[in-house]
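Peer 1: Going by our numbering, the sequence shown opens with residue 4, and the numbers climb by one from there.
Just dropping this structure here.
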Amino acid sequence: MSTPAPLDRLSGLLERFRVQAQLHYSGTLCGLSHFDAGEGYGYLHVLRRGRLEVSHPVAKDGRGVPGAQGVPKRMRFDEPALLFYPRPFTHRFHNPPADGADFTCARLLFDGGADNPLARALPPVIALPLARVAGLEQALELLFAETERVRCGQRLLADRLFEVVVIQLLRWLLDHPHEAGVQPGLITGLSEPRLARALVAMHDGPGHAWTLERMADCAGMSRTAFANTFRDIVGQTPADYLAGWRIALAQSRLREGRPIKQLAEALGYANPSALSRAFAAKVGMSPREWLASQGD
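Rendered as structure tokens:
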């Protein structure tokens, strides 16, 4: 029996839904530093040296900020660590008031914001000791060297290096979803080799006539085994996942100014009306209404 060809689980996603990094800060932080979700950014913080305490503020009603269920109110770090906030999420750093702690930080912009499939599939915060995430050493060494002193093109190069670190972190998460507390969804699906083949095929060919049998064939499984395994690991049926992926692509292309008439066939719908109905069923409003709400 031949060995399956290696599978690229990330490129198709990141080509359609980019992640952009912007160097935010590099150096020592002392006292209290506040990162507000209202600014609309995700964050990637790398603690290089020192001690850090992170808090996640609780709202006045005591229920916490949106999406905070399961997020610890406080975390402490005494070793180099990485803190990844894929979506806007208010957090505060409490650093020693005198000597502080040494950081390199980037703001993150996921195309589509809350509708980005990758950002939506990740927990609000992933906090890990750097030593646990294999493969980051060389990129971080370049990043630290680039941020230690100002040189021509420093900001542009630092931004690209941060994006490299994000991709390497996502690679690690695909292979270690449970260590990072990832719940059933896209990431856990891509971590299962058989499901990953079906998911990548759907990502690359959203307009194909996807039947359950065709998806199962991609995974090398029977229809029943595929449907049951997909639901257990991804948390929804294959048909629901495919519909969500198609609508996410429609939202992305509508933002780019593409008319709904051009999208229907490419996304596997018989006509624009069918796509509009599926869009409204998934999003709760028509494509025109949704696009207007994005402008607001």
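Just so it is clear, CB atoms sit at the ideal spot from N, CA and C, and this is done for glycine as well.
Note that the structure is predicted; figures quoted are calculated from it, not measured.
Here's the rule I'm using: 16 or more other beta-carbon atoms within 10 Å means buried, otherwise exposed. How should H181 be labelled?
Peer 2: Residue 181 sits at position 178 when you count from the first residue of the sequence shown. Flag for H181 reads exposed.
Peer 1: Label H206 either buried or exposed according to how many other C-beta atoms from any shown protein chain fall within 10 Å of its C-beta, with 16 as the threshold for buried.
Peer 2: On the sequence shown, residue 206 is found 203 positions in, with the first residue counted as 1. Per the 10 Å Cβ criterion, buried.
Peer 1: Which of the three DSSP states, helix, strand or coil, is assigned to L3?
Peer 2: The requested residue 3 is not part of the displayed model; the chain covers only 4 to 299.
Peer 1: When DSSP labels each residue in this structure, what does R154 get in the three-state scheme?
Peer 2: Taking the first residue of the sequence shown as position 1, residue 154 is located at position 151. Three-state DSSP puts R154 in coil, outside helix and strand.
Peer 1: Give the single residue among P9, N274, F106 and A130 whose Cα lies nearest to the Cα of R77.
Peer 2: For this step, residue 77 is matched to residue 74 along the sequence shown. Among P9, N274, F106 and A130, the Cα nearest to that of R77 is on A130.
Peer 1: Please classify R90: is it buried, with 16 or more other beta-carbons within 10 angstroms of its beta-carbon, or exposed?
Peer 2: On the sequence shown, position 87 is the one that residue 90 refers to. Buried.
Peer 1: Any idea which residues DSSP pairs Y88 with across the strands?
Peer 2: On the sequence shown, position 85 is the one that residue 88 refers to. DSSP lists Y46 as partners of Y88.
Peer 1: Measure the Cβ-Cβ separation of Y123 and D81 and say whether it is below 7 angstroms.
Peer 2: Counting from 1 along the sequence shown, the entry for residue 123 is found at position 120. Counting from 1 along the sequence shown, the entry for residue 81 is found at position 78. What sits at residue 123 in the sequence shown is Arg, not Tyr. Cβ atoms of R123 and D81: not closer than 7 angstroms.
Peer 1: Taking the continuous alpha helix (DSSP H) assigned at G30, which residues delimit it?
Peer 2: Here residue 30 corresponds to residue number 27 of the sequence shown, with the count starting at 1. Careful: G30 lies outside any alpha helix (DSSP H), inside the beta strand (DSSP E) at V22 to L32.
Peer 1: Please classify L35 as buried or exposed, where buried requires at least 16 other C-beta atoms within 10 Å of its C-beta.
Peer 2: The count along the sequence shown starts at 1 and reaches residue 35 at position 32. Result: exposed.
Peer 1: Considering only residues of the same chain and omitting the five flanking positions on each side of W213, which have a CB-CB separation below 6 angstroms?
Peer 2: In the sequence shown, the residue the question calls residue 213 occupies position 210. L245.
Peer 1: Out of D220, L85 and I250, which one is the CA nearest neighbour of P275?
Peer 2: In the sequence shown, counting from the first residue as 1, residue 275 sits at position 272. Comparing Cα positions, the closest option is I250.
Peer 1: Which residue comes first and which comes last in the beta strand (DSSP E) that contains N98?
Peer 2: The residue labelled residue 98 in the question sits at position 95 within the sequence shown. Start and end: H94 to N98.
Peer 1: Under three-state DSSP, which class holds S225?
Peer 2: Along the sequence shown, read from residue 1 onward, the residue named residue 225 stands at position 222. Coil, per DSSP.
Peer 1: Count Cβ pairs between the stretch 163-175 and the stretch 112-119 that sit closer than 8 angstroms; are there 3 or more?
Peer 2: Counting Cβ pairs under 8 angstroms, fewer than three are found: no touch.
Peer 1: Return the CA-CA distance between R21 and A134, expressed in angstroms with no decimal places.
Peer 2: Residue mapping note: residue 21 aligns to position 18 of the sequence shown, counting from 1. Residue mapping note: residue 134 aligns to position 131 of the sequence shown, counting from 1. One C-alpha to the other measures close to 27 angstroms.
Peer 1: Per DSSP, what kind of secondary structure is T107 in: helix, strand or coil?
Peer 2: Taking the sequence shown and counting its residues from 1, one reaches residue 107 at position 104. Three-state result, T107: strand.
Peer 1: Out of L198, E144, L176 and F106, point me to the one whose CA is closest to Y28's CA.
Peer 2: For the purposes of this step, residue 28 is taken as residue 25 along the sequence shown, with counting starting at 1. Answer by Cα proximity: F106.
Peer 1: How would you call H211, buried or exposed, if buried means at least 16 neighbouring beta carbons within 10 angstroms?
Peer 2: If you number the sequence shown from 1, residue 211 lands on position 208. Per the 10 Å Cβ criterion, exposed.
Peer 1: Closest to E149 by C-alpha separation, out of V203, G30 and A283, would be which residue?
Peer 2: Here residue 149 is taken as the residue at index 146 of the sequence shown, counted from 1. The shortest C-alpha separation from E149 is found at G30.
Peer 1: Could you pull out every residue in the same chain whose Cβ sits closer than 6 angstroms to the Cβ of W293, ignoring the five residues on either side in sequence?
Peer 2: Against the sequence shown, residue 293 aligns to sequence position 290. Counting only Cβ-Cβ distances below 6 angstroms, and skipping sequence neighbours, we find V286.
Peer 1: Pick helix, strand or coil for A148, following the three-state DSSP scheme.
Peer 2: Taking the sequence shown and counting its residues from 1, one reaches residue 148 at position 145. Reduced to three states, the DSSP call for A148 is helix.
Peer 1: Is it right to say K63 is buried, meaning 16 or more other beta carbons lie within 10 angstroms of its own, or is it exposed?
Peer 2: Translated into positions along the sequence shown, residue 63 becomes position 60. Low confidence applies to K63: its pLDDT is 48, below 50, so where it sits in the model is not reliable enough to give any reading.
Peer 1: What number of angstroms, rounded off, separates the C-alpha of V203 from the C-alpha of G138?
Peer 2: Counted from its first residue, the sequence shown places residue 203 at position 200. Counted from its first residue, the sequence shown places residue 138 at position 135. The alpha-carbon atoms of V203 and G138 are separated by roughly 23 angstroms.
Peer 1: State the DSSP-derived secondary structure class of V57, mapped to helix, strand or coil.
Peer 2: Position 54 of the sequence shown, counting from 1, holds the residue named residue 57. Three-state DSSP puts V57 in a strand.
Peer 1: Apply the 10 Å Cβ neighbour rule to L159 and answer buried if 16 or more other Cβ atoms are within range, or exposed otherwise.
Peer 2: Here residue 159 is taken as the residue at index 156 of the sequence shown, counted from 1. Exposed is the call here.
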